[in-house]
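Visitor: Here it is, the structure, as structure tokens.
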Amino acid sequence: MTALDKFENFFEQVVEGTVGRIFRPAIQPAEIGRRLERAMESRKVASVDGMIVPNDYRVSMNPLDMVMFADFVPALCHQMEEWLIDQADRR
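The C-terminal residue of the sequence shown carries number 1094 in the working numbering, and the numbering is unbroken.
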């Protein structure tokens, strides 16, 4: 991770955290995906055949936010899995 990537991540966290505490908008699947991508990127390691990333992720959220996703958790999990695989393949 380059210094510019670290700065960008820091700035995102500051802005998202500040704005989130003030306005508390409903969480969106795209936001979950971005955070998963950051987790994948920050935990990658080099191996003899290329980069290796984690293959197990756990998403925690406020129970009030979880109510919004209750009806389609399996579909959302599958979508996030496919998206992370695609992101990993691109790197």
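In this text, a Cβ means the ideal position worked out from N, Cα and C, and glycines have one as well.
Could you have a look at Ser961 and say whether DSSP puts it in helix, strand or coil?
Guide: Outside the displayed span of the chain (1004 to 1094) sits residue 961, for which this structure offers no information.
Visitor: Closest to Pro1028 by CA distance: which of Leu1079, Met1071, Leu1087 and Pro1077 is it?
Guide: The sequence position of residue 1028 within the sequence shown is 25, counting from 1. Selected option, being the one with the closest Cα: Met1071.
Visitor: Between which two residues does the alpha helix (DSSP H) containing Ile1055 stretch?
Guide: Mapped onto the sequence shown, residue 1055 falls at position 52. No alpha helix (DSSP H) holds Ile1055; the beta strand (DSSP E) holding it covers Gly1053 to Ile1055.
Visitor: Comparing alpha-carbon positions, which option in Ala1049, Ala1033 and Phe1014 lies nearest Leu1087?
Guide: Within the sequence shown, numbered from 1, the residue matching residue 1087 stands at position 84. The residue with the shortest Cα to Cα distance from Leu1087 is Ala1033.
Visitor: Should Ile1035 be labelled buried (16 or more other beta-carbon atoms within 10 Å of its own) or exposed?
Guide: Residue numbering aside, residue 1035 sits at position 32 when the sequence shown is read from its first letter. Counting Cβ neighbours within 10 Å, Ile1035 comes out buried, since at least 16 surround it.
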